[in-house]
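Note that the protein sequences, when read in sequence, are chains X and S. Using the numbering used here, you'd call the opening residue of the first sequence number 1 and step up by one each time. Using the numbering used here, you'd call the opening residue of the second sequence number 1001 and step up by one each time. Every residue, glycine too, gets a C-beta built ideally from N, C-alpha and C. If you're wondering where the values come from, they're calculated on a predicted model, not measured in any experiment. In what follows, a single structure is set out as structure tokens and then discussed.
There are 2 protein chains.
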Amino acid sequence: MTRTVAFQGESGAYSEIAALNYFSRSIKTLPLPTFPAIFNAVKTGQAAAAVVPIENALAGSVHENYDLLLKYKLPIVGEIILPISHYLLALPGVKIRDIRLVISHPQALQQCADFLNGLQDVRIEPFYDTAGSAKKLVDDQLHDTTAIASREAAEKYGLDILASRIESNHENYTRFLIIQKEPKIPEKGGKTSIVFSFEDAPGALFKSLAVFALRDINLLKIESRPLHGKPFNYYFYLDIEGSINERPAKNALNHLKEIATFLQVLGSYPKSKAK
Amino acid sequence: MTRTVAFQGESGAYSEIAALNYFSRSIKTLPLPTFPAIFNAVKTGQAAAAVVPIENALAGSVHENYDLLLKYKLPIVGEIILPISHYLLALPGVKIRDIRLVISHPQALQQCADFLNGLQDVRIEPFYDTAGSAKKLVDDQLHDTTAIASREAAEKYGLDILASRIESNHENYTRFLIIQKEPKIPEKGGKTSIVFSFEDAPGALFKSLAVFALRDINLLKIESRPLHGKPFNYYFYLDIEGSINERPAKNALNHLKEIATFLQVLGSYPKSKAK
């Protein structure tokens, strides 16, 4: 049976490329308009898994998805790091000199600012989605407009590539998480993502991190998000080295329960091979 | 001489209200279109100070401004916490039943989602700015459109208030920072904001926080931002209790220099009285 994997955006989106890379080409991908929609698709069984962008090396974390991981309680079972390259796409036959308008997601536009500054007499307009901006060229048959999107979006919509790898900084990666309904915890190794909060006690954050340091468990990432209803109190999202099936991580989490007033494990999963 | 204080947005923006509350009414406020523009205004002397939103209790941190504090090196000299309430505004005489379109900043629209769901046959469209959406009603004389903005924007543009405090969660606060060209460090008390990074050594984050814990210095906030050019390495932004004029904080920062490869003090300043 072919597995369905949900992603946010239109066909040709970077999230879809991440899904096809992670699962091999045999899956069926399901484009959905919003991040809550892809969490819902996994929750209801409409999709077997979803691919969730969580962090970009230039723009930082996708905070909405941190909030949704907490809300939906769907376990993380894997991650994949994808290099992100942007391409300037247009309808076949259109030349750069014909272009009067560039459309794409605001983040893609910003990442290509140096290239765009070199174009003359061209307006720049934000669009809700990179692959969606490529699709729009075809849907509306725009002969004076160009879109910034993936190479895969060019193939998908039969567009010409006018310029390649136009991002200012080529060290551009996005980390995607794979979520499913059931956890798939490795016996050992990998990483574990958790979220916790505590009453506003002095030193509580330090003590929370000490439970890992005292057991030589490496911290890979920390992220804070506001705790709704309690202004300027935070949830802390932490990635630590190792699986919760291993004794040190188990002990550390038991220790953390003594300090935190709330603790949830978001998943233990193998680390991405790429980087 | 009247001091000029820059803020991002149109007249009537929450940032302008924060400026007037912080400095008293005697200042001259200077509306500018972007966050870099307000940092630039202080740098060039066009404004004596600027008011910078840094954190909202519901939406989280304004990450662009963390990056700009690092880039412009303009010291933080104060902070103010402002309760945020949203109002539904329309041209005089317009009734709720006439409304076909609601415009505002996406964050304000999201914060009023429950109220908006109760309206029938109404389209919702994101706008770049809350006060700007109020101004647009007047500029374009829109009789079938309503804007979500502050009470002050209603006064400013002569609009009627159709509904008050329509945000779903009333525990809605924004913390603003005041930046100037010269630091104004309190002799004692207040808080200090710093940013630092380190080579990817195991335990370095824990050791960095230990320099404060070992001296009983309270951590008030931690925030991580990507370090450009080094994928998945981070700058850490930290708020700690006390002024860098005090011995424990001075010692802690000297200790932190042994661990961090980069350290910058963003400012020592009195804590906001409101909350």
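I'd like to know whether the C-beta atoms of residue i and residue j end up nearer to each other than 9 Å.
i       : j       : result
V1102/S : D1160/S : no
H1170/S : V1211/S : no
T192/X  : A249/X  : yes
F7/X    : I80/X   : no
S1268/S : F1236/S : no
E258/X  : F1232/S : no
L82/X   : Y14/X   : yes
K1043/S : T1004/S : no
L1209/S : L209/X  : yes
I166/X  : I148/X  : yes
L1308/S : T1130/S : Residue coverage of chain S in this structure runs from 1001 to 1275, which leaves residue 1308/S outside it and unanswerable.
F206/X  : A1213/S : yes
S164/X  : L88/X   : yes
K1271/S : S224/X  : no
P186/X  : N245/X  : yes
S1302/S : I1017/S : The shown model of chain S, from 1001 to 1275, leaves out residue 1302/S, and the question about it has no answer.
L1219/S : E1241/S : yes
S26/X   : A113/X  : no
L1068/S : F1035/S : yes
G9/X    : G132/X  : yes
E84/X   : Q110/X  : According to the sequence provided, residue 84/X is Ile. The question's Glu does not apply to it. Taking 9 Å as the Cβ cut-off, I84/X and Q110/X do not qualify as a contacting pair.
V1052/S : Y1022/S : no
A204/X  : A154/X  : no
Take the Cβ of residue i as the centre, count every other Cβ of all protein chains shown within 10 Å, and call the residue buried at 16 or more, exposed below.
i       : result
A19/X   : buried
N1065/S : buried
K1230/S : exposed
F1262/S : exposed
N1172/S : buried
H86/X   : buried
G1078/S : buried
A1134/S : buried
R1100/S : exposed
Q120/X  : exposed
L1266/S : buried
K1275/S : Low per-residue confidence applies at K1275/S: pLDDT is 43, beneath 50, and the placement is therefore not dependable enough to give any value.
G189/X  : exposed
I1096/S : exposed
A201/X  : exposed
P1033/S : exposed
T174/X  : buried
D239/X  : buried
Q141/X  : exposed
K273/X  : exposed
S1243/S : buried
Using 8 Å as the cut-off, classify the Cβ of residue i as near or not near the heavy atoms of the ligand NAD, replying yes or no.
i      : result
E258/X : Because no ligand of any kind appears in the structure shown, any question about the ligand NAD cannot be addressed here.
For residue i, return the contacting residues in chain X, with the cut-off set at a CB-CB distance below 8 Å.
i       : result
I1027/S : The premise fails here: I1027/S is roughly 26 Å from chain X at the closest Cβ pair, so nothing lies under 8 Å.
Y1173/S : P231, F232
L1209/S : L205, F206, L209
A1187/S : The question names Ala, but residue 1187/S is Glu in the sequence shown. Within 8 Å Cβ-Cβ: nothing; E1187/S doesn't reach chain X, min ~22 Å.
S1272/S : Under the 8 Å cutoff, chain X gives no residues; its nearest Cβ is about 10 Å from S1272/S.
Which residues in chain X have a C-beta closer than 7 Å to the C-beta of residue i? List them in chain order.
i       : result
H1228/S : L58, N169
H1063/S : G60
A1213/S : G203, F206
Mind listing the chain S neighbours of residue i? Cutoff is C-beta to C-beta under 7 Å, in chain order.
i      : result
P202/X : N1218
Check the Cβ of residue i against every Cβ in chain S and list those closer than 9 Å, keeping chain order.
i      : result
E246/X : Within 9 Å Cβ-Cβ: nothing; E246/X doesn't reach chain S, min ~16 Å.
S268/X : The premise fails here: S268/X is roughly 19 Å from chain S at the closest Cβ pair, so nothing lies under 9 Å.
I103/X : Under the 9 Å cutoff, chain S gives no residues; its nearest Cβ is about 16 Å from I103/X.
So residue i packs on residue j, CB below 8 Å; how close in whole Å?
i       : j       : result
I179/X  : A49/X   : 7 Å
S11/X   : P31/X   : 6 Å
H1105/S : F1127/S : 6 Å
Below 8 Å on C-beta distance, what does residue i contact in chain S?
i      : result
I84/X  : By Cβ distance, chain S contributes nothing, its closest Cβ being about 11 Å from I84/X, past 8 Å.
R225/X : G1060
Cβ closer than 9 Å: which chain X residues qualify as neighbours of residue i?
i       : result
I1017/S : Those do not exist, as I1017/S stays about 18 Å from chain X at its closest Cβ, beyond 9 Å.
H1312/S : This structure does not reach residue 1312/S, given that chain S is present from 1001 up to 1275, and the question cannot be answered.
I1259/S : None at all; the shortest Cβ gap to chain X is about 13 Å.
key: Ranges of the beta strand (DSSP E) found wholly within the stretch 98-126 of chain X, counting only runs of at least 3   = 101-104, 123-126
request  = May I have a chain-ordered list of the beta strand (DSSP E) segments no shorter than 3 residues that lie completely inside the stretch 147-206 of chain X?
outcome  = 160-163, 173-179, 191-197
ask   = What are the uninterrupted segments assigned as alpha helix (DSSP H) that are 4 or more residues long and contained completely in the stretch 1222-1269 of chain S, given in chain order?
value = 1247-1259
task = Would you list, in chain order, the members of the stretch 1120-1134 of chain S that have their beta-carbon closer than 8 Å to a beta-carbon of chain A?
result = Considering every chain present, this structure includes no chain A. Its protein chains are X and S.
query = What are the start and end residues of each continuous beta strand (DSSP E) run of 3 or more residues lying completely inside the stretch 64-93 of chain X, in chain order?
reply = 76-83, 87-90
ask   = What are the complete beta strand (DSSP E) segments, minimum 3 residues, inside the stretch 1014-1052 of chain S?
value = 1028-1032
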